[in-house]
Amino acid sequence: METAEESREQEGLHFLDYWRVIRSRKEIVLAVSILVVLTGAAITFTLPKTYMSEARILVRPDALDVNVFERQIVPAYNPFFLRTQYQVIQSRTILYEVIKNLDLTRVWGKKYREDGQPLTLQETYTILAGSVAVEQFRDTSLISIKVYRDDPQEAARIANEVAYVYRDYRLSMKRKEIKRAIDALKNELEKQRDVVNRVEDEVERLRKQLGVSTLARGVRLDKLRLQQLEADRIAARVDMLVRKSRLEQLEGLTGEDLMNASAYVVRDDAITAIRQNLIDTEVSLKLARANYGENHPQVQRLLAGRAELKRQLEAALEGLQKGLRADYEVARQKYEALDAELRAAKEMDIEAERERFLPFERAQRNLDVQRSILDALRARVAQEGIEFHVPRTPVEIVDEGEPGRFPVKPNYYLNLIISLVLGLGAGIGLAYFIEYLDTSVKTVEDVERYLGLPVLGIIPQKVRPLHEEGPDSPHAEAYRVLRTNLQFANRGVSGGAYAFVSGGVGEGKSTTLFNLAYVCAQLGDRVLMVESDLRRPVLHKILDTSHQFGLTNVLMRDVPVEETIKPTSIVNLHFLPSGRLPRTSLGLLDSQKMRELIKNLKMRYDLVLFDSPPIMGVSDASILASEVDGVLLVVQYRKYPRIMTLRAKKIIENVGGRVVGVVLNNINIMRDDYYYYYHSYGHYQAEEEPAEKAVADIET
């Protein structure tokens, strides 16, 4: 369980490390992004404007080859048809014709050649092919022909001309196909005529040979008559069954049921009129009874009329039943008569069919077949002739191309978005590359990981000496934290002598030393600052005092140290300048007098701070590090490689010095994770000041 939690923590830190790189290098990311966006915008606005015109056409596949006996055949779906037409539209056959019709060789020659001479056909085709794009509308037979040109009028003309030429091309191919089909049909028609003539001769020969008379040849007419009789018999049977059904629906019904059923079974205008009069009489009778009473003459007259109408309706219904029964009998007798006649005709036909007439009948049937083929060929030739002159167009222009109102290229918004994305990608990539090359110390984790030392203090950027900023400076808290951490690093024992050392020049150890001394003095410690960087002294410049008389005088001329120590304007804070450095002072700090001086100063002051030179290449810092109680290694944020700082640590340890900890200096608090620390502290300090004032008011 703990291993999994540690793994998740490492993954989270790993992601935060990447985010820290982007945040710490945000200036590079923003600069590269802005540069790429501006470059993309400049290129986009300098590119020539391109307009698009679109023509839409409906494309149908060609019909199958000519079929003599079946006119309409649904062609199978061909998934490659439309894709093939894309290539046809963009083929040289189509585009060469467009070039010829619009005279593009001459028009574009004036446009693209300085001498104005016409372009070659191949050059013109290359330009035109690069300007035409063909697309399909999904799940339709519509094809879009798009033309991109710098002139919107020209784009529309070319798009429409491509559509027209392609349509004419398909029509011409259709006519050629029909012409070939008609020629083939005519050839077959002539052959079929010869076949019919030969079969007719054979039928006539058999007729004479078999002695088939005119009456005998009428057998075919008897067969036609048989077919007609069969059809009449079937129609008579259907009529008989319909009339029988009507009769059966009415038989067995009486009274009101018969009256209601008759209205749906058969249409009789007389019965309908009587029923309507009966309904009107019922209505009038009801009103009269309500107005006059049962014995009124008007009521009696209506009762008599109703009785008469019912009698008439019953008589009409009875007559209707009789009429339906009579119609059924007539239809039945007609059916029986036709059935008997058909049976007799069949017996006569069987009798007439003799074996000696079979060859003749076969020849006659063959003649009928050949004549039907000949008739079909004649009809098909006529139909294809009409199709040739009025063909079904396989291409229909749905929308003609119109001049574009706005350019489609360059796409300003898309190009700017792409430039922004590329800029961010390039900026982030450059930030990671620079971060990869940067081996300096950047975070507290870097110090702990590579140096194996605790970080005692984190000092922000642009910190001046605190006596210039004032005692209430927010930067003072960083040095108070440094003082506290220094005490804990010595197991809670305050005081002692400490040297401030750095690996290279300009890492801010002098300012760090002064501000720490300032804070300690404010908190009541007696502090002495020793300007032990004899080659490049800095502390005297911060205090704006002379350094001509100081440490070198004590060590070389036996001047009492009390005479060289200077008080400052800050209570509890004293300063020992470096003194003038003669040429013979090399190795001056590596002496017994220096060791005795350190012991003497530790007895006089609570805290003695030595400002030493950079340790790399200068022996004074190494000597001083071995003689003090502890060394504070000042490391400037993102300045020198880690290997240099690590080398400084090893030098101190090799001479027997004790590195108390690291002061990470000149931190950019707006980067990395330091911002949150200082933001939280500023908020805490802002809340603390009103509370202190309230306590002071209560005490007074």
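The sequence shown begins at 109 in my numbering and counts up by one. All C-beta atoms in this analysis are idealised placements derived from N, C-alpha and C, irrespective of residue type, glycine included.
- Straight through space, the alpha carbons of Tyr521 and Ala586 are spaced by roughly 49 Å.
- It is roughly 8 Å from the alpha-carbon of Arg221 to the alpha-carbon of Leu227.
- Taking a C-beta distance under 8 Å as the contact criterion, Leu684 and Val638 qualify as a contact pair.
- Excluding sequence positions up to five before and after Leu524, its CB lies within less than 8 Å of the CB of Val145, Gly148, Ala149, Thr152, all in the same chain and listed in chain order.
- Just so you know, the alpha carbons of Ile751 and Pro668 end up roughly 42 Å apart.
- Between Leu143 and Gly537 the beta-carbon gap is near 14 Å, outside 8 Å, which marks them as no contact.
- By DSSP's assignment, Thr158 forms a beta bridge with Lys517.
- Looking from the CA of Glu437, the closest CA among Asn474, Asp388, Met348 belongs to Met348.
- Going by beta carbons, Thr232 and Ile207 fall inside the 8 Å limit.
- By the beta-carbon neighbour count (other beta carbons within 10 angstroms, threshold 16), Ser239 is buried.
- Ranked by Cα distance from Ile379, the options Ala423, Leu236, Glu390 are led by Ala423.
- Across the structure, Thr620 and Thr547 are spaced so that their CA atoms are roughly 23 Å apart.
- In chain order, Gln478 place their CB closer than 7 Å to the CB of Val303, counting only its own chain and leaving out the 5 sequence neighbours on each side.
- Straight across, the Cα-Cα distance linking Val307 with Tyr204 is about 55 Å.
- Across the structure, Leu574 and Tyr748 are spaced so that their CA atoms are roughly 26 Å apart.
- Around Ala539, the same chain offers Val129, Ile130, Arg133, Ile136, Val137 as residues with beta carbons nearer than 7 Å, after the five sequence neighbours per side are excluded.
- Annotation: the continuous alpha helix (DSSP H) that includes Leu705 extends over 700-712.
- Around the beta-carbon of Asp728, 16 or more other beta-carbon atoms lie within 10 Å, marking it buried.
- One thing to note: Leu709 has its Cβ no nearer than 8 Å to the Cβ of Cys628.
- In terms of Cα proximity to Pro156, the closest of Arg703, Arg257, Trp216 is Arg257.
- Classified as exposed, Val529 has fewer than 16 neighbouring CB atoms from the shown chains inside 10 Å of its CB.
- The C-beta separation of Ser280 from Gly509 comes to about 22 Å, leaving the pair out of contact by the 8 Å criterion.
- Counting only runs of at least 3 residues, the segment 729-779 fully encloses the following beta strand (DSSP E) elements, listed from N- to C-terminal order: 738-744, 767-775.
- Assignment of Phe188 by DSSP, reduced to helix, strand and coil, places it in the coil class.
- Distance between Leu212 and Leu229, taken at the CA atoms: about 9 Å.
- For Val736, the closest of Phe608, Arg313, Leu663 by C-alpha to C-alpha distance is Phe608.
- For the set Leu590, Gln630, Asn593, Ala597, the Cα lying nearest the Cα of Gly578 is the one of Gln630.
- Annotated as proximal: Ser640 and Ser686, with beta-carbon spacing under 8 Å.
- Asp507 carries a strand assignment under DSSP once its states are collapsed to helix, strand and coil.
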